[in-house]
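Worksheet: one structure, shown below.
Residue numbers (the working numbering): 108 to 200.
Structural data, given as structure tokens:
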């Protein structure tokens, strides 16, 4: 069963916001977890960002852009921080 954090992504604005990639469509938003939770694993839900489908494809490496790995990782991390702030403001964290 999806967690309260995963469920909270539905209908939200993308917080990753990759320039020239983001579709700004809240209907496509999911929780995009940071990679690196272990071999073939992802981090916990609190280490995820509200992310539109187009930004998610870049974060997951399915689509390549002019941004390098480090730049994409930084944009994802900034999205995680913004998402965590939203959760704190809403009392989820």
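Just so it is clear, CB atoms sit at the ideal spot from N, CA and C, and this is done for glycine as well.
Range of the contiguous beta strand (DSSP E) that encloses residue 138: 137-140
Buried versus exposed call for residue 112 [16 or more other C-beta atoms within 10 Å across all chains shown]: buried
7 Å Cβ cutoff met for residue 150 and residue 138: no
Start-to-end residues for the alpha helix (DSSP H) that takes in residue 186: 176-197
Where the alpha helix (DSSP H) through residue 162 begins and ends: 160-166
Start and end residues, alpha helix (DSSP H) containing residue 113: 111-114
In DSSP terms, what residue 157 is bridged to: 138
Classification of residue 98 by the beta-carbon crowding that lies within 10 angstroms, buried from 16 upward: Any property of residue 98 remains undetermined from this structure, which presents the chain solely from 108 to 200.
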